[in-house]
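Engineer: First the structure, then my questions, so here it is.
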Amino acid sequence: MLITLASLLAKQQDLLVDIFLMDPTYRTRVAGRGFDATDPRAPINEYFSNSAGVVNDKAHYSPERISLQLRQLAVGFVKRTPGQADAKDVPWFALNVPNKLRKSLIIEERK
């Protein structure tokens with residue numbers, strides 16, 4: 008990702024990135040990709056609510072500039088029980104590249 012951002016910056020030297028420092032949160036692992044939920048390599052549940060009026064991570068981005076979300080996670084396998092996290096202070100990031108800058112990138116969409 009750093010190489011990609013450096014490449015974009017080399018082409019557009021006035022490029023700006025909006026950085027969002029997100030609150031620390033607890034996430035649980037879910038069974039998937041061949042791993043049981045108790046395995047440290049299991050996928051992490053995102054907890055995105057699609058309820059009306061709910062603001063979540065998907066709402067924090069800039070439509071015209073690259074957006075970087077930074078956060079620390081506590082991760083475990085017991086739902087909604089942060090006190091049982093078996094991994095703490097896990098660095099996490101998400102990057103959003105606006106459509107106008109994507110033409111020279113290969114973006115793998117999550118399915």
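Numbering (our numbering), first residue to last: 8 to 118.
Note that beta-carbon positions come from the ideal geometry of N, C-alpha and C, so glycine has one too.
#1: Looking at the strands, I want to know which residues DSSP matches up with Val24.
#2: Grab me the residues of Met8's own chain with a C-beta within less than 8 angstroms of its C-beta, minus the 5 sequence neighbours each way, in chain order.
#3: Assign Phe84 to one of two classes, buried (16 or more other C-beta atoms within 10 Å of its C-beta) or exposed (fewer than that).
#4: Between Met29 and the rest of its own chain, which residues show a CB-CB distance below 6 angstroms, the 5 nearest in sequence each way excluded?
#5: Residue range of the beta strand (DSSP E) that Ile95 falls in?
#6: Are Lys86 and Thr35 touching if we call contact CB-CB under 8 angstroms?
Structural biologist: With the structure as the only source:
#1: Ile73
#2: Leu102
#3: For Phe84, the number of other beta carbons within 10 angstroms of its own is at least 16, and it is reported as buried.
#4: Gln76 and Arg78
#5: The amino acid at residue 95 is misidentified as Ile; the sequence shows Lys. From DSSP, the beta strand (DSSP E) with Lys95 extends over Ala94 to Asn103.
#6: Closer than 8 angstroms, so yes.
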